[in-house]
Structures are given as structure tokens and as C-alpha cells.
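Protein chains: 2
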Amino acid sequence: MNRRLLLVSNSTLHGGGYLEHCQQHISSFFGKNVKRVLFVPYALHDRDAYTKTARDKFKALGYEVDGIHEAADPVDAVRRAEAVFIALGDVTPAPLFQDGVPYMGSSAGTNVATASISTTNDMPIVYPPSFAAIGLVPFNINPHYLDPDPNSRHMGETRELRITQYHEEPETPSVLGLREGSMLLVEGNKATLLGTTNARLFIRGKKAVEYEPGSDLSFLLTD
Amino acid sequence: MNRRLLLVSNSTLHGGGYLEHCQQHISSFFGKNVKRVLFVPYALHDRDAYTKTARDKFKALGYEVDGIHEAADPVDAVRRAEAVFIALGDVTPAPLFQDGVPYMGSSAGTNVATASISTTNDMPIVYPPSFAAIGLVPFNINPHYLDPDPNSRHMGETRELRITQYHEEPETPSVLGLREGSMLLVEGNKATLLGTTNARLFIRGKKAVEYEPGSDLSFLLTD
Chain P
1 MNRRLLLVSN STLHGGGYLE HCQQHISSFF GKNVKRVLFV PYALHDRDAY
51 TKTARDKFKA LGYEVDGIHE AADPVDAVRR AEAVFIALGD VTPAPLFQDG
101 VPYMGSSAGT NVATASISTT NDMPIVYPPS FAAIGLVPFN INPHYLDPDP
151 NSRHMGETRE LRITQYHEEP ETPSVLGLRE GSMLLVEGNK ATLLGTTNAR
201 LFIRGKKAVE YEPGSDLSFL LTD
Chain R
224 MNRRLLLVSN STLHGGGYLE HCQQHISSFF GKNVKRVLFV PYALHDRDAY
274 TKTARDKFKA LGYEVDGIHE AADPVDAVRR AEAVFIALGD VTPAPLFQDG
324 VPYMGSSAGT NVATASISTT NDMPIVYPPS FAAIGLVPFN INPHYLDPDP
374 NSRHMGETRE LRITQYHEEP ETPSVLGLRE GSMLLVEGNK ATLLGTTNAR
424 LFIRGKKAVE YEPGSDLSFL LTD
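The listed protein sequences derive, respectively, from chains P and R. Note that my numbering gives residue 66 to position 66 of the first sequence, counting from 1, and the numbers run on in steps of one. In short: position in the second sequence from 1, add 223, done, that's my numbering.
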């Protein structure tokens, strides 16, 4: 598969600016050939304001940003895009993304690229046609993955428990917990963990495993 | 409406046993006439183990527990139930609950009784027929409501922000954030906040408001 994906856990890291913690990876991912990035801000009410935030950041990195909501024909805009960035839970039909156009996602925009959106942290606000996602990779991601806080008195379920409950369903895919600060780079059949934090991999029926930045996670692609 | 509901934020409070923090309210809610409580453990894989936990606790309070999964005809079991307790996100058809049978919910079982399940904290694992819930009350609840932690470096969205995003959708109902330790008692057209913690009420387009235990929230029922 001629896929190129940069799947980021979070858009903003504590103490830094918008997309600052991954800006070098963005530059090398989109490279010099990409001039314009199509931004999909459908999931937020104030699309113009959110597009401006992305536009300002990408401009500083040397890329123009087009908001899909500004296009006369949004489907055509996706088909013609040199590159795509989705930061929220917008589901755009899979066929539009299957041709090697670089796809960058962050947060729920990362869920969209995976097998299903079932491991999002968002509340299920808008009823989607299904929980299936684009399927550019055959596993799920949990962005903003959060370790249990040993000092917390809160009895809400931990993220690990929720993922374990997801895996009680038969034939559910593996879930990569991407902590804030980490991201996954996928190029064809090669997947590499980037960033500054470990990721935690949950495979159904097995004990969770930690991976350090730089780890080769290509085995997750051969499902 | 001849409804009787006890909608609890959480089954276990830090430092206490299962349902311990609300046991007095359970006793006065079900009272002396109820002998058997129908327990709905569908959402969890190990239904027998979970039913045993509930059975042991309710037995100590003087009630027998029947697991709905043990019934030959589950629909009939709901129709004949003297009282119902749902602790997880099981959606049982609304008509079965409209006749004044006392309904106790906790956590996602509380979401089930409200207008919609959109303000659950659970991951959207099983694709439901819709996000509509039983609608025994015309508003939503967010159980395990959690205040932002000022010391956290985590950039995931706060609960308040998620509820605000929910209210970006038109005509979405009010959301009562039930902190751990709090519960709502509904009898007919009267709703009272019980427990040991404040609740936080989010009305679309308005500033959130705090309510103390003992507050009369009946105005939420007249929507």
C-alpha cells in the first residue's frame, strides 16, 4: 500500500505552542514537494478560527493551508489535495485517501485513519454511519493515552481498563496507546514510533507492551 | 409521569465498598415492598461474576438479585420486574420501563435512563441502534463528572470542554455533571440531588451552575 501517514497523539503539548512538539516531523513528512495542505475542520463549530490556527502554524513551516469548508466542491478538494491534515473526528470516505497523498492526523484525526474510531476519547456526540474508520492501518490508536494516576481518588475507569473492555469484543484490532508527545510515522509497510514518549501496545488477550521512541512497529501493519 | 429513578454517578467511591456510599439511599428508594431486583449485566463479559458482586451487596440490604442473563425470557423478566438496576451501558427498550417500576442506574446505567447516551465517558465500542436513551428524564447526565486538574500537564480535553462541544450541536439537552459521591432521586415530577458532592449543571448557551446536595432540581423535568 502506497500510504504515507503521520499520526500524532496531540496537537499541543504542555508548555509548547500548537503543533510545536512535532514541527520537525511535519516538515520532513510533507517535505519540499508539498506546497498546500488541505485542512479538515468540520468537527468544530468555528471552522474559520480553527483553520486560522492551523494556517498560521503551517505558514511558518512553509506550507499554505486550504480549509475544506472554503472549497466549492469539498469532495473534489480532497481528490486534488497534495496533502491532508485532520485534527478532529471528521470521517471522510476512504477511497479519497488511498492514493499515497500524505495524511497527517492528530488527536481524533488520528483515530480517523485507523481501523475504527472505537478507541477515541471523544464523547459520542454525532451519530456516525458506523464506527469503522478509513482503515489506512489495520489497528486502532488511542491518542492522548493516559497512565493511571496513583494519587487520584477518582473511580472512573482508567484508559487501560477501557481498552481491555474493548478487547472483550471478539476480533477487535490491536490498540496503540499514543501518549502525548508521541506519534507514528507510516511509510508503505514501515511504521516507526517518533516523539519523546513511549507508546503502550494492547493486543487482544495479551499483556500490554511498552515501546520506546524509534521502535519499529511495522509488524502492526501486517494484519 | 409515574417514574421512580435513583441515578447514581458511580458504583464505588474511593475508600469504600461497592455501592457503600449510596446504600442508605438504595434502601429508602426500593423500600420494604420490593423483594427482588432485576440486574442487567449485559455490557460486561463476565456476567456471572458481576451479578455476584451486585447480589452480595443487595442481599446485605435485604434484596434478592436476579441476573437478566439467567432468565429464559429476558424481555418478560423486565416486564415482570419489581425493580431494575443497571450499572453499565445496556440499552433496554423504553416501553419496558414506563410503568413506575423503580429504576436504579449507576455510571453508564445512569446515562441509559436519560435523553441520550452522548455524554457517557465510555468508549464507543459497540455500535448502538442510535444514541437515544430511554428518556425517563428529558436531560443528559455525565456520571463520574471530573473537574479540571490544575496540576495536570495532560492536554486532553476537560470534561467541561467536551460538554461544551456537545452543546455546539443545536437543540441538545441540558447536561447534569454528577460528581462521584452524588446521585439524583426522581419521583414523579420531583428531582432532588443527594449524596456528598455538588453537581454541575450545563444548560446550552448558559454559564455552568453548581448545585449542593439537597437541591431541588425538579425544573429539569419540565422540558
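C-beta atoms are modelled at their ideal positions from N, C-alpha and C, and glycine is treated no differently.
If you count every other CB in all the chains shown that lies within 10 Å of the CB of residue 392(R), and 16 or more means buried, which is it? exposed
Just list the alpha helix (DSSP H) runs in the stretch 266 to 343 of chain R, keeping only unbroken ones of 4 residues or longer that don't cross its boundaries, in chain order. 270 to 283, 297 to 303, 331 to 334
Own chain, CB closer than 6 Å to residue 329(R), minus 5 neighbours either side, in chain order: 231, 234, 310
In the DSSP assignment, find the unbroken alpha helix (DSSP H) run with residue 28(P) in it and report its ends. 23 to 30
Indicate whether the contact test is met: 3 or more Cβ pairs, each with one atom in the stretch 173 to 188 of chain P and one in the stretch 345 to 363 of chain R, closer than 8 Å. no
Going by beta carbon distance, what residues of the same chain come within less than 7 Å of residue 422(R), once the five residues before and after it are set aside? 399, 400, 401, 402, 405, 416, 434
For residue 124(P), which residues in chain R fall below 8 Å Cβ to Cβ? 340, 341, 343, 347, 354
Listing by chain order, which chain R residues have their CB less than 7 Å from the CB of residue 156(P)? 344, 367, 369
Buried or exposed (CB count within 10 angstroms, at least 16 for buried), residue 148(P): exposed
Start-to-end residues for the beta strand (DSSP E) that takes in residue 153(P): Neither: residue 153(P) is in no beta strand (DSSP E) and is coded neither H nor E.
Candidates 135(P), 33(P), 52(P), of which the one nearest residue 39(P) by Cα: 52(P)
Cutting at 8 Å between CB atoms, please list the residues of its own chain near residue 224(P), excluding the five before and the five after it. Only positions 1 to 223 of chain P appear in this structure, which leaves residue 224(P) out of reach.
Per DSSP, the bridge partner or partners of residue 241(R): 235(R)
Tell me whether the beta-carbon of residue 115(P) lies closer than 7 Å to the beta-carbon of residue 89(P). no
Among 209(P), 157(P), 35(P), 132(P), which residue has its Cα nearest to the Cα of residue 368(R)? 157(P)
Coarse secondary structure for residue 389(R), derived from DSSP in three states: helix
Chain-ordered neighbours of residue 236(R) on chain P, where CB pairs are closer than 9 Å: 153, 155
Which residue from 104(P), 76(P), 45(P) puts its Cα closest to that of residue 19(P)? 104(P)
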